[in-house]
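Reviewing the structure listed below.
In the numbering used here, the protein residues as written are 1 to 424.
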């Protein structure tokens, strides 16, 4: 078996695990367990909490003491064990801690999967820039296949979705030990301080007004990045209460419809080089923010009947909303920071979006939904919820136009945002 195929399997399973429950956990929480919205917001904050510290800590371990592929395998095996316990949890408070423990094991594997893949490709004399992106695409495909598996097996509202994820994690954990060795690169070199490893030196970048403004907006928009992942599936499930929609494909298999979002992601990634060269980083990021307004606004007015096109369009728009901010944002950091601190600066960007931003968005959204948009019987005003999210994204976009200052220089952009640079 070629190394590319072996790494393709790794990438597929890595995101299959996540896709098996991330989009459908809301249906299990609300439709099956009937737990409160305020507590559910905290569930999605676990990804942000784990992202703040675990990838860096596990990076230290892989750099100094343990082969990356072995550490990667152990984390997935531990994650599989935790996922198997979730169906037995009957208290929402305990559920939070179990999901947090699962995220503590899972989130570091996102970075470790890249480290293992790069090491394996380089050991075979292959070009990482050329050969890794086609491998990574299979991760998105794995996420989509997991969503389809769960929905067409009828597991969207069932605890069985966690068993599907656990099975994939178990297979990947065992499989990891068969991968090429990825020994600690810094075992015999002087160690970095914990401050260096955690990327805390990058906080000095906040002294620069432009970068400080950028990271502020990264945090604010990061609060919106997971909202439709958290609530989209359960929103569509709630149409089951309307007889006219009950037997539609959209209501019976919401995850299938939501998977259009992930398909859209793969397509919009290909469009990023053109948009960056033509419009510049500020405009592309603004497009992302406007796309978030459309993403939420179309959900507000969509339904599984005559307005199904709005839901489908919202899913298509998601690719622009998610990719244009995340990828263009990482490129902005790459081009605006010194080489010696770029890795730490990228860590700070991820910390602001997937860390602090995700915690902020998940926690506040749950409280707001429960307090203002849920009646005494537990029914939610989804129209009001999505319009509130849309208004939030619109406010960020307007502020971004006036506060963030960056001049687009086409000739510089042509060099900085070339295809190889993006792949790197």
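Ideal placement from N, C-alpha and C gives every residue a C-beta, glycine not left out.
Note that the structure is predicted; figures quoted are calculated from it, not measured.
It is roughly 33 Å from the alpha-carbon of residue 71 to the alpha-carbon of residue 336. DSSP lists 380 as the bridge partner or partners of residue 374. For residue 205, the closest alpha carbon among the candidates 16, 334, 355, 27 is that of 334. Between the region 131 to 146 and the region 3 to 18 there are three or more C-beta pairs closer than 8 Å, enough to call the two in contact. In this structure residue 104 does not touch residue 147 by the C-beta definition: roughly 24 Å separates them, more than the 8 Å allowed. Assignment of residue 238 by DSSP, reduced to helix, strand and coil, places it in the helix class. Within the model, the alpha-carbon separation for residue 284 versus residue 326 is close to 11 Å.
Here the region 284 to 301 lies against the region 383 to 401, with 3 or more beta-carbon pairs under 8 Å apart. DSSP places residue 287 in the uninterrupted alpha helix (DSSP H) bounded by 281 to 301.
If you draw a straight line from the Cα of residue 125 to the Cα of residue 92, it is about 50 Å long. It is roughly 12 Å from the alpha-carbon of residue 23 to the alpha-carbon of residue 237. Apart from the 5 residues on each side of it in sequence, residue 239 sits with its Cβ closer than 6 Å to the Cβ of 245, 251, 304 in its chain, given in chain order. Straight-line measurement puts the Cα of residue 183 at about 7 Å from the Cα of residue 66. Apart from the 5 residues on each side of it in sequence, residue 287 sits with its Cβ closer than 6 Å to the Cβ of 324 in its chain, given in chain order. For a cut-off of 8 Å, the C-beta gap from residue 262 to residue 143 is around 5 Å, short enough to register as a contact.
When the Cα atoms are used, residue 281 and residue 290 turn out to be separated by approximately 14 Å.
Residue 252: member of the alpha helix (DSSP H) spanning 249 to 252, first to last residue. Between the region 20 to 36 and the region 357 to 364 there are fewer than three C-beta pairs closer than 8 Å, too few to call the two in contact. Contact between the region 349 to 360 and the region 222 to 230 is present, with at least three C-beta pairs closer than 8 Å. Non-local beta-carbon contacts of residue 209 in its own chain, meaning distances under 6 Å to residues more than five positions away in sequence, are absent. If you draw a straight line from the Cα of residue 255 to the Cα of residue 149, it is about 9 Å long. Residues 205, 206, 348, 349, 352 of the same chain have their beta carbon placed closer than 8 Å to that of residue 215, with the five preceding and five following residues left out of the count.
Counting along the chain, the unbroken alpha helix (DSSP H) around residue 18 starts and ends at 3 to 19. Counting along the chain, the unbroken alpha helix (DSSP H) around residue 163 starts and ends at 160 to 176. DSSP places residue 404 in the coil class of the three-state scheme, outside both helix and strand.
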